[in-house]
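Structure first, commentary second.
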Amino acid sequence: MTADIDGIALAAEGLCKRFGGNTAVDRVSIAFAKGRLHSILGPNGAGKTTLFNLLTRDLLLDSGTIRLGTTDISRLTPDRVARMGVARSYQISSVYPDMSVRENVWIAAYRARGGNPFAFWRQATSFPEAGQWADTCLSRLGLSEIADVSVKELSYGDQRLLELSVTLACAPQIILLDEPTAGLSRKEAERVKRVIMSLKGEFSIIMIEHNVGIVMDLSDSITVMNRGVVVAQGSPDEIRGNRDVQEAYFGS
Ligand SMILES: Nc1ncnc2c1ncn2[C@@H]1O[C@H](COP(=O)(O)OP(=O)(O)OP(=O)(O)O)[C@@H](O)[C@H]1O
Ligand SMILES: [Mg+2]
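For what it's worth, the working numbering labels the leading residue of the sequence shown as -5, then goes sequentially.
In structure tokens, the structure reads:
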């Protein structure tokens, strides 16, 4: 990779992952610049979520290397990688439905400060700053007014924003978003888009998203995958004009 190492938040070289005879990620090399928003586009089954699972170490690599800054994280546990500042929101909502909005964010803030996840009810008072940080995260996502509402009573759009707030509460350097606007109405998707825009620059963001309009509006750079391989990489303008992309992604 020829890129300036100082400007790279996360980089992968030659990543491979097979499921039986199916190569979900096939020799993918990719670099994510610090403070930039990099999107991954591609049709269903292209290998995007599998790539995320490899980057966060939720899945074991068959081969390849991953570097976080200058540190080789290819063999670290997902927990360790998370504590090094890589936070992820899932394609399918991953919040505690019986707890309030604030409690969900507080747990993430508390864990990010080294609290024991199995004893948070006993140690709550020893981490007052977790509460302050949780409120900051809620306010940044416009969720303060519904902080005491139980998660199971939230609209789907508010649940997705809560998920983003939980991700932010992990105090990350790098945020991975897997389809942040999936299943949302146009209005809700616009709200999520504005929030992501407000996080841009402050964090390195890697986003999988099927909404091409949002990808084009938010991204500094885009990688297009199809059938496990990288089909194209470039700026939004370069991707828009790329014929291989039109064939692979738009099927024309
Ligand atoms: N745990 C798994 N076990 C077996 N096969 C899997 C597993 N996870 C993913 N796959 C397969 O790997 C391929 C890539 O899947 P992946 O979920 O990464 O695609 P994707 O690009 O995220 O698609 P989508 O846009 O639908 O979310 C698919 O063929 C999928 O069936
Ligand atoms: Mg996916």
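Idealized CB from N, CA, C, for every residue including glycine. Note that the coordinates shown come from a computational prediction; the quantities given were computed from them, not determined experimentally.
Of the heavy atoms belonging to ligand 2, none sits nearer than 6 Å to the Cβ of THR175. Short of 8 Å from the beta carbon of ILE169, and not among the five residues preceding or following it, lie these beta carbons of its own chain, in chain order: ALA81, ARG82, SER83, THR161, LEU162, LEU193, PHE197, SER198, ILE199 and ILE200.
In this structure the region 129 to 139 does not lie against the region 63 to 76, because fewer than three pairs of beta carbons, one per stretch, are closer than 8 Å. With a beta-carbon spacing of about 6 Å, GLU173 and ILE202 fall inside the 8 Å limit used to define contacts. Taking the Cβ of THR50 as the reference point, every heavy atom of ligand 2 lies at 6 Å or farther away. DSSP places ASN236 in the coil class of the three-state scheme, outside both helix and strand. Partner residues in a beta bridge of MET210, as assigned by DSSP, do not exist. Sixteen is the threshold: since fewer than 16 other Cβ atoms of the shown chains lie within 10 Å of the Cβ of SER229, the residue is exposed. In this structure, VAL225 and ASP238 form a Cβ contact; the two beta carbons are roughly 5 Å apart against a cut-off of 8 Å. Your pair SER94 and SER149 does not check out as a contact, with CB atoms roughly 15 Å apart and the cut at 8 Å. With a threshold of 16 other beta carbon atoms within 10 Å, GLN126 falls short and is exposed. A direct Cα-to-Cα measurement between GLY1 and ALA25 gives close to 10 Å. In the structure shown, ARG69 adopts coil according to DSSP, grouped into three states.
Fewer than three beta-carbon pairs drawn from the region 27 to 37 and the region 8 to 19 are found closer than 8 Å, and the two stretches are therefore not classed as touching. Residues of the same chain with a CB within less than 8 Å of the CB of LYS187, apart from the 5 flanking positions on each side, are THR175, ILE208, ASP211 and LEU212 in chain order. In this structure, ASN47 is the residue among ASN236, ASN47, ALA5 and LYS28 with its C-alpha nearest to the C-alpha of VAL19. Sixteen is the threshold: since fewer than 16 other Cβ atoms of the shown chains lie within 10 Å of the Cβ of GLU147, the residue is exposed. Shortest gap from the CB of ALA226 to any heavy atom of ligand 1: 6 Å or more. Rounded to whole angstroms, the Cβ separation of ALA103 and ALA128 is 4 Å, and the two are in contact under 8 Å. Sequence-distant Cβ neighbours of ASP66 in its own chain, meaning closer than 8 Å and more than five residues away, are THR59 and ILE60. GLY41 and ASN220 have their C-alpha atoms roughly 7 Å apart.
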